[in-house]
Amino acid sequence: MTETEAKTKEVAVALEGLRSRFRIPRFPWSGKTKVVILVLAVLMIVYNSCLVYVQPGEFGIKVIRVGPQRGVHKETYGPGLHFILPFGLHQMHTLPRGVEVLELTNYPSTAAHAQVARHEKAAHIQTSDGFFVDVDVSIIYRIVDPYMVFTTIGPGTLYQDNGIIPKAEPTLKATLGELTTEEFYNSPLRVKRAEAAKDMLNHELNPKGIKVEQVLVRYFRYSDEIQKNIEEKKL
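Numbering of the sequence shown is given in the numbering used here, commencing with residue 3 and proceeding in unit increments.
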């Protein structure tokens with residue numbers, strides 16, 4: 003036997019020894035064990051495809067695609083697990099249950115609700131005496147009828163994109179725009195016109211399931227030249 007053959011034999015013996023020391027145990031697969039595994043697999047499939055979880059702070063809206071009851075169900079679903087049929091036969095959409103904030107500002111990082119709000123540019127408003135002012139406004143609102151929101155506006159974030167955002171600036175122009183340049187500095191008058199904006203928004207949005215709680219004027223700024231003229235006039 004050559005030296006190479008001897009080394010090969012030693013390696014083979016060593017490997018055989020390792021195999022004997024680290025044997026993979028074989029479990030007896032009885033009929034009951036197979037049934038249990040099959041049942042667990044079916045339960046996992048059912049859980050992943052037939053159960054949906056509605057988070058706390060959300061409304062669930064079920065849409066049935068096929069059958070005599072097809073369409074959007076008027077009943078809304080609260081937090082927890084809910085059964086739906088798989089393969090797209092049923093769908094569960096969600097809408098937020100809590101307070102929402104729309105911030106109109108050119109400086110989102112300084113907004114009062116910077117982390118949680120939806121941000122759009124400041125309202126660009128022409129006063130009744132013909133000057134333009136940029137106004138930072140917080141609009142605080144909530145969904146009160148998710149079924150109406152879903153059926154009149156749509157799912158997802160359409161309640162923002164097609165609901166409150168398109169109404170915000172035109173409403174503020176119609177209400178705050180009644181003030182003169184100097185009247186913008188009168189806090190009670192600003193609050194009164196902001197209340198009028200809230201009422202006008204609610205008139206538009208209540209039938210669609212959205213309620214505006216507050217319209218708050220945070221900050222406003224004219225051009226530097228107009229700002230200077232107003233300050234000189236005050237002095």
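Built from N, CA and C at the ideal position, the CB exists for glycine as well.
Small disclaimer: the values here were computed from a predicted structure and weren't measured.
K200 burial status per 10 Å Cβ neighbour count (16 or more: buried): As a working note, residue 200 is residue 198 in the sequence shown. With a 10 Å radius around the Cβ and a threshold of 16 neighbouring Cβ atoms, K200 comes out buried.
Is H121 near E171, with beta carbons less than 9 Å apart? Counting from 1 along the sequence shown, the entry for residue 121 is found at position 119. Counting from 1 along the sequence shown, the entry for residue 171 is found at position 169. The answer is no: Cβ separation not under 9 Å.
Taking just the CA atoms, how far does Y221 sit from K169? In the sequence shown, residue 169 corresponds to position 167, counting from 1. In the sequence shown, residue 221 corresponds to position 219, counting from 1. In a straight line, the C-alpha of K169 is about 20 Å away from that of Y221.
Cross-strand partners of G82 (DSSP beta bridge): By one-based count along the sequence shown, residue 82 stands at place 80. Partner residues in the beta bridge of G82, as assigned by DSSP, are V56.
Determine whether the beta carbon atoms of A196 and T182 lie at a separation below 9 Å. In the sequence shown, the residue the question calls residue 196 occupies position 194. In the sequence shown, the residue the question calls residue 182 occupies position 180. Not in contact: A196 and T182 (Cβ atoms no closer than 9 Å).
Count the other C-beta atoms from every protein chain shown that fall within 10 angstroms of the C-beta of A119, then say buried if there are 16 or more, exposed otherwise. Residue mapping note: residue 119 aligns to position 117 of the sequence shown, counting from 1. Residue environment for A119: buried (at least 16 other C-beta atoms within 10 angstroms of its C-beta).
What is the DSSP secondary structure of E180, counted as helix, strand or coil? By 1-based counting over the sequence shown, the position of residue 180 is 178. Coil, per DSSP.
Cβ shell of T154 (< 8 Å), same chain only, five flanking positions each side left out: Here residue 154 refers to the residue found at position 152 when the sequence shown is read from its first residue. By the criterion of a C-beta distance shorter than 8 Å, T154 is surrounded in its chain by P209, K210, G211, once the five residues flanking it on both sides are discounted.
Residues that E102 bridges to, as DSSP identifies them: Looking up residue 102 in the sequence shown gives position 100. DSSP lists Y143 as partners of E102.
Considering just the uninterrupted stretch of the alpha helix (DSSP H) at A125, what are its terminal residues? Position 123 of the sequence shown, counting from 1, holds the residue named residue 125. Looking at the DSSP string, A125 is not in any alpha helix (DSSP H); the run it does join, the beta strand (DSSP E), is 125-128.
Closest residue to V139 among M150, A124, F152 (Cα-Cα distance): On the sequence shown, position 137 is the one that residue 139 refers to. When the alpha-carbon of V139 is set against those of M150, A124, F152, the nearest one is in A124.
Applying the criterion that 16 or more other CB atoms from any shown protein chain within 10 Å of the CB defines a buried residue, is I166 buried or exposed? As a position in the sequence shown, residue 166 is number 164, starting the count at 1. With 16 or more Cβ atoms within 10 Å of its Cβ, I166 is classed as buried.
Quick one: Cα of L238 to Cα of I39, how far? Residue 238 lies beyond the residue range present for the chain, which begins at 3 and ends at 237; the question has no answer from this structure.
Does the Cβ-Cβ distance between V146 and K213 come in under 9 Å? Stepping through the sequence shown from its first residue, residue 146 is reached at position 144. Stepping through the sequence shown from its first residue, residue 213 is reached at position 211. Contact check for V146 against K213 passes: the beta carbons are separated by less than 9 Å.
Just the Cα atoms here: how many angstroms apart are E184 and R67? Your numbering for residue 184 matches position 182 in the sequence shown. Your numbering for residue 67 matches position 65 in the sequence shown. For E184 and R67, the distance between alpha carbons rounds to 57 Å.
Classify E102: buried if its beta carbon has 16 or more other beta carbons within 10 angstroms, exposed otherwise. Position 100 of the sequence shown holds residue 102. Burial is judged here by how many other beta carbons sit within 10 angstroms of a residue's own beta carbon; E102 has at least 16 and is buried.
Put L97 into one of helix, strand or coil per three-state DSSP. Taking the first residue of the sequence shown as position 1, residue 97 is located at position 95. Under the three-state reduction of DSSP output, L97 falls in the strand class.
To the nearest angstrom, how far is it from the Cα of F85 to the Cα of R72? By 1-based counting over the sequence shown, the position of residue 85 is 83. By 1-based counting over the sequence shown, the position of residue 72 is 70. Note on geometry: alpha-carbon atoms of F85 and R72 lie some 16 Å from one another.
If the criterion is Cβ atoms closer than 9 Å, does the pair V239 and G82 meet it? In the structure as shown, the chain starts at 3 and stops at 237, and residue 239 therefore has no counterpart that could be examined.
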